[in-house]
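Protein chains: 2
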Amino acid sequence: MIATLLQHRSIRKYKQTPIEERVLNVILESAVSASNTGNMQVYSVIVTKEEKLKKQLWEAHFKQNMVLQAPVLLTFCADINRFHHWCKLRGATPSYDNFLWFFNASIDALLAAQNATIAAEAFGLGICYLGTTTYMADKIVEILKLPQGVLPITTLTLGYPDETPELTDRLPLESVIHNETYHQYSDQEIEKFYKEKENSPQTASLLQINQLENLAKIFTEKRYTLKDNLYFSKQFLKVIENQGFMKNE
Amino acid sequence: MIATLLQHRSIRKYKQTPIEERVLNVILESAVSASNTGNMQVYSVIVTKEEKLKKQLWEAHFKQNMVLQAPVLLTFCADINRFHHWCKLRGATPSYDNFLWFFNASIDALLAAQNATIAAEAFGLGICYLGTTTYMADKIVEILKLPQGVLPITTLTLGYPDETPELTDRLPLESVIHNETYHQYSDQEIEKFYKEKENSPQTASLLQINQLENLAKIFTEKRYTLKDNLYFSKQFLKVIENQGFMKNE
Chain A
290 MIATLLQHRS IRKYKQTPIE ERVLNVILES AVSASNTGNM QVYSVIVTKE EKLKKQLWEA
350 HFKQNMVLQA PVLLTFCADI NRFHHWCKLR GATPSYDNFL WFFNASIDAL LAAQNATIAA
410 EAFGLGICYL GTTTYMADKI VEILKLPQGV LPITTLTLGY PDETPELTDR LPLESVIHNE
470 TYHQYSDQEI EKFYKEKENS PQTASLLQIN QLENLAKIFT EKRYTLKDNL YFSKQFLKVI
530 ENQGFMKNE
Chain B
290 MIATLLQHRS IRKYKQTPIE ERVLNVILES AVSASNTGNM QVYSVIVTKE EKLKKQLWEA
350 HFKQNMVLQA PVLLTFCADI NRFHHWCKLR GATPSYDNFL WFFNASIDAL LAAQNATIAA
410 EAFGLGICYL GTTTYMADKI VEILKLPQGV LPITTLTLGY PDETPELTDR LPLESVIHNE
470 TYHQYSDQEI EKFYKEKENS PQTASLLQIN QLENLAKIFT EKRYTLKDNL YFSKQFLKVI
530 ENQGFMKNE
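So the sequence lines, in the order shown, correspond to chains A and B. If you count by this note's numbering, then the first sequence holds residues 290 to 538, one letter each, in order. If you count by this note's numbering, then the second sequence holds residues 290 to 538, one letter each, in order.
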């Protein structure tokens with residue numbers, strides 16, 4: 290159990306072996322067993338297998354190969370639509386179309402996604418999270434026909450692994466954990482915590498390919514630039530509003 | 290493994306038994322093994338055990354008893370402070386102080402929290418998520434001395450269970466899962482999906498206590514009211530901005 294957690298690696302190449310319905314069902318049951326806000330279950334999971342839809346999602350997700358290759362895509366959505374519908378049938382006036390519930394519903398969707406991940410890995414399946422879900426939320430809303438009150442939060446690609454990548458490095462545990470209250474870092478501590486990552490062969494190879502002087506600049510100048518960060522911040526806020534989660538007055 | 294996932298229940302009463310350092314360490318190692326955005330690890334975990342601090346957090350978390358009782362509190366935070374600090378030491382100009390990275394960092398923090406949950410339960414410990422973390426984020430920022438770029442996202446109470454509650458009911462799986470694209474619900478489907486929950490003995494008892502005609506109204510008129518939802522939406526947005534995650538222009 291603990292070994293499954295500690296040996297997690299994202300899988301980006303999949304075999305064509307389909308996922309048995311029974312297995313997928315246990316993965317989804319595990320997902321909905323996670324904690325959720327007030328047991329209101331304000332989330333939905335879209336299971337996509339059709340080639341045509343997967344191709345559309347692949348285009349939305351920056352054409353990452355694994356999206357086409359994986360036999361199953363799971364899109365986890367914040368969903369107040371179902372709950373509002375029920376309230377209205379009961380003569381109750383629901384008010385979950387605001388930022389607080391965007392975030393509560395996102396928490397629910399993400400805890401469910403991580404439970405699905407652990408269950409999948411326990412079955413020998415592999416997953417990869419698609420951060421592009423929020424970047425391209427407007428396209429995904431269209432493709433998956435998400436109505437008002439439903440917003441994509443994250444996506445898992447799911448399938449039997451066709452690669453066995455190394456474990457990804459992590460910062461030393463002490464750099465992420467704080468005892469009692471937050472410990473503000475000194476320059477010396479930051480130097481120490483990032484040393485191993487900066488001196489790894491992977492980093493050396495990245496610096497060579499990108500022709501940049503250090504790893505930090507690969508993040509700020511190549512991977513996640515100011516221009517993109519501002520653009521996608523505004524885009525995501527717009528979709529949150531369009532899908533009906535910003536009635537804060 | 291799967292059994293641990295399927296048998297999750299939130300624990301709100303704890304024994305005074307302390308948690309062994311070795312066990313806590315494996316729980317935290319499991320937390321940081323979860324997927325995270327770009328392997329940037331833009332989150333931190335605050336481990337709080339001191340009685341004085343726990344008392345302050347208990348007050349912030351609406352004085353829920355379990356907060357005082359649990360030997361350990363884990364506050365999972367979005368954290369771009371560490372990453373920005375590193376970038377600046379390397380002459381790179383970081384731009385993760387916007388809404389996109391508020392959300393990416395929240396995803397990271399939540400996946401880590403759910404991994405900690407599963408690891409804790411594998412050790413026979415119990416947890417409860419505190420949704421009050423975002424409601425009272427400003428107070429928690431103060432108590433845990435969170436600097437600019439750090440924002441509390443969720444909290445776990447952690448300890449050996451002193452109760453064995455029943456499994457909480459869930460909506461039928463088919464109501465949360467959609468095949469291929471989103472399936473808009475008919476009134477009849479909503480009636481069917483909520484029937485068991487509405488007819489349970491727990492609901493009967495809640496209706497009796499609250500003197501309300503149906504379960505939906507307990508949510509809208511008692512638990513999560515319009516007034517509170519609007520108030521806490523605005524509060525949380527304000528703290529997100531104050532902590533430096535809203536520089537979207």
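We put the CB at the ideal spot given by N, CA and C, even for glycine.
When DSSP states are grouped into helix, strand and coil, B:Gly327 belongs to the helix group. The secondary-structure analysis by DSSP pairs B:Ser333 across a beta bridge with B:Cys366. Note on the stretch 368-436 of chain A: whole beta strand (DSSP E) runs with a minimum of 3 residues are 415-419, in chain order.
Distances from the CA of A:Asn314 to each of A:Leu346, A:Asp386, A:Val334, A:Asn370 were compared; the closest alpha carbon is that of A:Val334. Judged by pairs of C-beta atoms under 8 Å, the stretch 472-481 of chain A does not touch the stretch 403-415 of chain A, as fewer than three such pairs exist. With contacts defined as CB atoms closer than 8 Å, A:Thr444 and B:Phe392 fail to qualify as a contacting pair.
Around the Cβ of A:Asn468, a 10 Å sphere holds fewer than 16 other Cβ atoms; the residue is exposed. Taking one beta carbon from each stretch, the stretch 517-527 of chain A and the stretch 491-507 of chain A have fewer than 3 pairs nearer than 8 Å; the two do not touch.
In the three-state reduction of the DSSP assignment, B:Tyr449 falls in the coil class, being assigned neither a helical nor a strand state.
Between B:Leu440 and B:Ile529, the beta carbon gap of about 6 Å places them in contact (Cβ cut-off 8 Å).
Excluding its 5 nearest sequence neighbours in each direction, A:Gln437 has C-beta neighbours in its own chain below 8 Å: Asn370, Gln532, Gly533, listed in chain order. Residues of the stretch 321-334 of chain B with a C-beta atom less than 8 Å from some C-beta of chain A are Val321, Ser322, Ala323, Ser324, Thr326, Gly327, Asn328, Met329, Gln330, Tyr332, Ser333, Val334, listed in chain order.
Taking the Cα positions, B:Leu357 is about 11 Å away from B:Gln305. Think of a sphere of 9 Å around the beta carbon of B:Asp476: the chain A residues whose beta carbon falls inside it are His374, Leu378, in chain order. Per DSSP, reduced to three states, the secondary structure at A:Leu313 is helical.
If you draw a straight line from the Cα of A:Ala359 to the Cα of A:Ser475, it is about 44 Å long. Inclusion of A:Ala394 and A:Val331 in the CB contact set at 8 Å is warranted, their separation being smaller than that value. Here DSSP, grouped into helix, strand and coil, assigns B:Ile466 to strand. Here B:Asn518 is buried: its Cβ has 16 or more other Cβ atoms, across all protein chains shown, within 10 Å. The beta carbons of B:Thr421 and A:Asn328 sit no closer together than 8 Å. Against chain A, the CB of B:Met290 has a partner CB under 8 Å away; the residue lies at that interface. If you draw a straight line from the Cα of A:Asn404 to the Cα of A:Trp375, it comes to about 26 Å. The beta-carbon of A:Ala505 is placed less than 8 Å from the nearest beta-carbon of chain B. Shown here, A:Leu294 sits in a helix according to DSSP, grouped into three states. Within a 10 Å sphere around the beta-carbon of B:Ile429 sit 16 or more other beta-carbons, which makes this residue buried.
Taking a C-beta distance under 8 Å as the contact criterion, A:Ser384 and B:Leu515 qualify as a contact pair. Per the DSSP secondary-structure output, A:Leu440 pairs in a beta bridge with A:Ala367. Excluding residues up to 5 positions away in sequence, Met329, Val331, Pro383, Tyr385 lie with their Cβ nearer than 7 Å to the Cβ of A:Phe372 in the same chain. Rounded to whole angstroms, the gap between the alpha carbons of B:Pro450 and B:Thr293 is 15 Å. With respect to chain B, the C-beta atom of A:Pro454 has no partner C-beta closer than 8 Å. If you ignore the 5 residues before and after B:Glu485, its C-beta comes within less than 8 Å of the C-beta of Asp458, Pro461, all in its own chain and listed in chain order.
For B:Ala411, the chain A residues whose Cβ falls inside 9 Å of its Cβ are Met290, Ile291, Leu294, in order along the chain. Residue-level contact by beta carbon holds for A:Ile479 and chain B, with a gap shorter than 8 Å.
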